[in-house]
Ligand code: HEC
Ligand code: HEC
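In my numbering, the protein residues as written are 38 to 222.
So this is what it looks like as structure tokens:
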């Protein structure tokens, strides 16, 4: 009798401890389902300071973990697409953790899933614009509107054309190529 009461009590305690957690994550999932259309809205002040100086602050969900690992290698940052983007080890590792935790292969957001589906297993490009899905989406834009367009210069500057890139939205309805107006050609 004593024993079964003890079992009953401990089961109640266990259930009490677990159930609220389940309930919480259930609601969190239900809420975030609606928002899983684009790329995850995540932010880090260290990331903004370390990586937001020269270009748009790319969402971590635009590349897989292995791409971020290659980009955030200490040596690689010394010659980052021809620029020196060196960081202190502390900041570099904090940024790497942030990028890895939110990378495309760990995300349920639509664009991240499409990015991953377009890559071969283990493929880890250093550029977002080399991801097959992203590349394909921009194939038809005439070069004149990018390289010869002083207001854009290269496809890497997502936010020049994607007016809501900083709000994690890349929908084609929100595109406006500078000097060209709407993007139909
Ligand atoms: C000193 C300037 C500078 C800093 C700081 C910098 N970058 Fe860059 N980054 C560049 C340049 C230049 C390019 C190439 C742009 C081009 O080809 O037009 C680039 C390109 C990239 C690309 C490829 C974009 C694409 O798809 O073409 C990624 C990803 C990237 N940077 C991530 C980072 C991360 C992460 C950090 C912080 C650790 C960082 N950058 C800090 C200058 C910088
Ligand atoms: C020169 C302007 C320009 C730049 C720079 C640019 N894009 Fe785009 N992007 C477009 C246009 C135009 C489309 C629509 C293409 C179409 O639907 O035919 C598009 C489409 C997309 C789409 C698909 C949208 C949809 O609704 O299917 C994604 C995702 C995207 N871009 C991401 C990016 C990212 C990430 C970057 C930066 C690494 C970037 N783009 C840079 C012009 C640009």
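Think of the CB as a built atom: it goes at the ideal place given N, C-alpha and C, for glycine as much as any other residue. As the structure is a prediction and not an experimental result, all values here were calculated from the model.
Classification of residue i by the beta-carbon crowding that lies within 10 angstroms, buried from 16 upward
i: residue 139; result: buried
i: residue 96; result: buried
i: residue 75; result: buried
i: residue 80; result: exposed
i: residue 77; result: buried
Sub-8 Å separation of residue i and residue j beta-carbons
i: residue 98; j: residue 170; result: no
i: residue 164; j: residue 207; result: no
i: residue 108; j: residue 124; result: no
i: residue 84; j: residue 100; result: no
i: residue 192; j: residue 175; result: yes
i: residue 203; j: residue 210; result: no
i: residue 91; j: residue 120; result: yes
i: residue 104; j: residue 162; result: yes
i: residue 168; j: residue 183; result: no
Per-residue DSSP class, three states only, for residue i
i: residue 175; result: helix
i: residue 123; result: coil
i: residue 214; result: strand
Cβ-Cβ separation, residue j to residue i (assumed contact under 8 Å), whole Å
i: residue 102; j: residue 142; result: 6 Å
i: residue 213; j: residue 200; result: 5 Å
i: residue 111; j: residue 129; result: 6 Å
i: residue 215; j: residue 186; result: 7 Å
- Query: If you measure from each residue's Cβ to the nearest non-hydrogen atom of ligand 2, which ones come out under 6 Å, in chain order?
  - Reply: Any residue whose Cβ sits closer than 6 Å to a heavy atom of ligand 2 makes the list: 99, 148, 165, 166, 171, 174, 175, 177, 178, 182, 183, 189, 192, 193, 194, 195, 197, 198, 199, 207, 208, 209, 212, 214, 220.
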